[in-house]
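As numbered in the numbering used here, residues 871 to 1126 make up the sequence shown, in order. The block underneath contains the structure these notes are about, expressed in structure tokens.
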Amino acid sequence: MRFITKIFIATIVLVLYFASPSMAQNLRYSYKAERVLMDKSHDEPAEPVVQAIIARYKPEMDRKMQEVIGVSEVEMRSSRPESLLSNFAADALVEFAAKRSGSKVDFGLTNFGGIRAALPGGSIRLYDVYSIFPFENYVVILDLPGKSVKALFESFARNRVEALSGNVKLVIDEDDREIEELLINGEKLDMSKIYRIATIDFLLSGGDNVVALKDAVKVEETGLLIRDAIIEKIASFSASGAKVTARIDGRVQYED
């Protein structure tokens, strides 16, 4: 018993010694790393049952994805502070949300990070929309107090702006990163007003550090994805025999 006690005490002493700051300062660490090519050699063989399920549905899915749903006048790409594709997406979001809620939506925003590809010029396939918007981002409509709207745009000025609808005009001083002008539907921000905003659940939850949306006093979930909004907007052009268009209109500007 004494022998076991001595071993226990010795172990405690060693642990305390090696955990002490003085000992930690004398420790040296070395690391070794190598690059590993992640190719198909690392893949696990597919389960026959899974392969059978995929084989059953793949032809129909491929056919559906290749379906042409519209025609774009030009190729549209996404880039900050505004671009053809990001403007198109944010505007489609507002129109989609207003139709679903049956009431006016003051403005819309989505994130640039959720736009992952370009919209091709010419024929637009369903596959293209899924490539551009691959994430399951749901459209939400929220009521946000004026003071929180101010905080939202101030964070855009300090950090980075997200994709905004054409209801907004935002002018940012590029040097001090402060708002020089902010208009919503042609009017200055009203701190006493509750604004209705169309956005996605990712941003509502604070994604991409858009924390001001958490102050929403009411949230309406549509149960539909931003992809649905884009597909519906493209379909509206097709229904009228028009090509899909968008515009850069100076909704976000940086000035010296």
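Every residue gets a Cβ at the ideal spot worked out from N, C-alpha and C, and that includes glycine.
Need the endpoints of the alpha helix (DSSP H) that residue i sits in, please.
i, result
"L1073", "D1071 to L1074"
"P951", "Segment: none, P951 is in no alpha helix (DSSP H) and carries neither H nor E."
"E930", "P918 to M935"
Would you call residue i buried or exposed, if buried means 16 or more other Cβ atoms sit within 10 Å of its Cβ?
i, result
"I1011", "buried"
"A1033", "buried"
"V964", "buried"
"G951", "Contrary to the premise, residue 951 reads as Pro rather than Gly in this sequence. P951 comes out buried."
"N1079", "exposed"
"Y901", "exposed"
"V1009", "buried"
"N1029", "exposed"
"T980", "buried"
"I1104", "buried"
"G940", "buried"
Could you give the first and the last residue of the continuous beta strand (DSSP E) run that contains residue i?
i, result
"V1041", "V1038 to D1043"
"E1102", "It is not in any beta strand (DSSP E) - E1102 instead sits in the alpha helix (DSSP H) that spans I1096 to A1109."
"R995", "G992 to R995"
"S942", "V938 to S942"
"P1125", "One detail in the question is off: residue 1125 reads as Glu in this sequence, not Pro. Taken as a continuous stretch (DSSP letters only), the beta strand (DSSP E) holding E1125 covers V1122 to E1125."
"E1051", "I1049 to I1054"
What residues in its chain sit with their C-beta under 8 Å from that of residue i, if we drop five residues either side in the sequence?
i, result
"E1127", "Nothing can be reported for residue 1127, as the shown portion of the chain is limited to 871 through 1126."
"K974", "A968 and R1066"
Residues in the same chain with beta-carbon distance under 7 Å from residue i, minus the five sequence neighbours each way, listed in chain order, please.
i, result
"N1007", "G984, I1070, D1071, F1072, L1095 and I1096"
"I1002", "I985, R986, A987 and L989"
"A1099", "A962, L963, F966 and V1009"
"N1037", "V964, D976, F977, I1054 and N1055"
"A1027", "I1042, R1047, E1048 and I1049"
"D1126", "E1044 and D1045"
Apart from the five residues just before and just after residue i, which ones in its own chain have a Cβ nearer than 6 Å to its Cβ?
i, result
"Y1124", "I1042 and E1044"
"L1052", "F1023, L1040 and L1059"
"P1004", "R986"
"E943", "K1113 and T1115"
Following a CB-centred definition, is residue i positioned closer than 6 Å to any heavy atom of the ligand GTP?
i, result
"A916", "Summarising the ligand content, the structure contains no ligands, and the ligand GTP is consequently not present."
I'd like to know if the stretch 908-927 and the stretch 936-956 are in contact, where contact means that at least 3 CB-CB pairs between them fall below 8 Å. A contact between stretches requires three or more CB pairs, one per stretch, nearer than 8 Å, and the stretch 908-927 fails this requirement with the stretch 936-956.
Along the chain, which unbroken stretches of the alpha helix (DSSP H) at least 4 residues long are found entirely within the stretch 954-1034? Scanning the stretch 954-1034 for uninterrupted alpha helix (DSSP H) segments of 4 residues or longer gives 954-971, 996-1002 and 1016-1028, listed from N- to C-terminal end.
Are there three or more Cβ pairs, one per stretch, closer than 8 Å when the stretch 1017-1027 is compared with the stretch 1104-1118? A contact between stretches requires three or more CB pairs, one per stretch, nearer than 8 Å, and the stretch 1017-1027 fails this requirement with the stretch 1104-1118.
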